[in-house]
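Residues 1 to 310, numbered by full-length UniProt numbering, are exactly what the sequence shown covers, in order. Just so you know, even glycine gets a beta-carbon here, dropped at the ideal spot from N, CA and C. Structure, as structure tokens:
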Amino acid sequence: MSITVLSDVIIPQSVVMAGIVGRTTRKNDRSVNQGGYATANVVRDVTMREYTMGVKPMLLAAWEAIMGIYEVTDAGAYGMLLEDPVDAVATTAQGALIGYMAGVQSGVSGFGNGTPNYSLQKLYTAFGTTRKRARDISRPKGTPAILRGGSPVVVGVAAGNIALSAGPVKVTFVADASQNVTAVAVGATTQVTLASAIAGFVVGGRLWLQDLTGTHAALLNNLSHEITAITGGSSNVYTLATNTAGKTITPAGTGKKYPQPDETLTWSGGFYVPVQFANDAIDWDLARPGKYAERLIDGPNVPLVEVREA
1 MSITVLSDVI IPQSVVMAGI VGRTTRKNDR SVNQGGYATA NVVRDVTMRE
51 YTMGVKPMLL AAWEAIMGIY EVTDAGAYGM LLEDPVDAVA TTAQGALIGY
101 MAGVQSGVSG FGNGTPNYSL QKLYTAFGTT RKRARDISRP KGTPAILRGG
151 SPVVVGVAAG NIALSAGPVK VTFVADASQN VTAVAVGATT QVTLASAIAG
201 FVVGGRLWLQ DLTGTHAALL NNLSHEITAI TGGSSNVYTL ATNTAGKTIT
251 PAGTGKKYPQ PDETLTWSGG FYVPVQFAND AIDWDLARPG KYAERLIDGP
301 NVPLVEVREA
């Protein structure tokens with residue numbers, strides 16, 4: 001089964017500061033031919049992190065903290081949280097939200113996608129270039145500061161507010177506005193008529209639809225759709241890029257407005273790395289004997305590996 005991360009089990013900073021080493025890993029298939037020309041094919045394009053605790057002798061209290069976590073996580077059958085000593089903060093320039101729709105990420109990192117749900121990411125940039133790669137952050141430390149178009153967004157139930165799920169954390173927006181769907185015209189593009197226009201939509205924006213009925217309603221439900229035209233005497237008829245030709249969809253449900261592709265979505269704050277014990281066994285050595293509280297324990301091999309969460 002997948003690894004369940006215990007969000008209340010956090011490796012104490014006293015243990016981390018007692019001595020830890022780490023590394024980041026990828027997976028590439030590399031080869032060099034007889035002429036010396038190298039090739040590489042990316043096998044795993046997600047950077048994963050590994051750590052080893054106990055690399056230096058530590059006081060018995062710190063070692064007991066490790067053993068306590070080892071016991072309550074069943075030696076790695078469950079995960080816990082670690083604050084990486086070299087990478088545990090995202091600034092507003094680094095923190096980005098990306099749309100999460102139909103179980104996968106969608107849209108452009110750092111911008112709205114017309115969907116209520118978003119994942120947190122941290123952007124890494126190659127110095128002197130505009131090249132960036134995004135890292136998923138599933139365990140923020142406390143409540144992250146969310147900005148929409150540069151303005152703070154608060155947790156709440158009012159229009160435009162957000163909610164944060166339990167870990168792995170997702171950000172869910174309350175709709176800015178919604179209207180009932182009164183008509184649907186299927187075709188190579190789809191026309192959806194709302195009871196009234198929703199302010200703020202433009203061509204290139206995205207309309208969220210839900211609770212429509214009919215045999216093929218799943219083509220529209222619980223998805224955001226690109227708007228290619230806005231017409232009607234009240235500007236309440238939205239032409240969508242979604243192809244529904246020959247399908248049966250009955251007008252019902254609602255259309256909603258969530259953060260749009262022209263709106264920036266950023267965040268800042270600290271975060272944890274979900275990890276688990278890599279091995280079932282832990283080795284230790286009594287580096288300095290003596291009175292109980294003065295003993296030093298050397299754990300030469302307490303490896304941790306990152307747990308990737310969906």
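As assigned by DSSP and simplified to three states, the class of residue i
i    : result
A61  : helix
G19  : coil
Q179 : strand
E306 : strand
Q13  : helix
Y272 : coil
A163 : strand
A217 : helix
Y124 : strand
A293 : helix
C-beta atoms of residue i and residue j nearer than 8 angstroms
i    : j    : result
R135 : P274 : no
I146 : V171 : yes
A197 : S234 : yes
L207 : K247 : no
V237 : Q191 : yes
T92  : T266 : yes
L304 : G255 : no
T143 : V155 : yes
G76  : A278 : yes
I227 : T239 : yes
Same chain, Cβ closer than 6 angstroms to residue i, five either side skipped, listed in chain order
i    : result
G167 : S7 and R139
P57  : A287, L296 and D298
R30  : A40
Y124 : R133
N222 : Q210
Contact set for residue i: own chain, Cβ-Cβ below 7 angstroms, skip 5 residues either direction
i    : result
N28  : A40, N41, V42 and V43
A252 : V181, D211, L212 and T213
E263 : F111, G112, R148 and G149
Own chain residues within Cβ distance below 8 angstroms of residue i, not counting five before or after
i    : result
V108 : I98 and P261
S14  : A61, A62 and A65
Every unbroken beta strand (DSSP E) inside the segment 48-121 [3 residues or more]: You should have 78-82, 89-101 and 104-106.
Do the segment 101-120 and the segment 248-259 make contact, defined as three or more Cβ pairs closer than 8 angstroms? Touching, yes.
3 or more residues per run - each beta strand (DSSP E) lying fully within the segment 228-257: The segment 228-257 contains these whole beta strand (DSSP E) runs: 237-240 and 254-257.
How do the segment 5-22 and the segment 71-81 stand: do at least 3 beta-carbon pairs fall below 8 angstroms, yes or no? Pairwise C-beta distances place the segment 5-22 in contact with the segment 71-81, as three or more of them are shorter than 8 angstroms.
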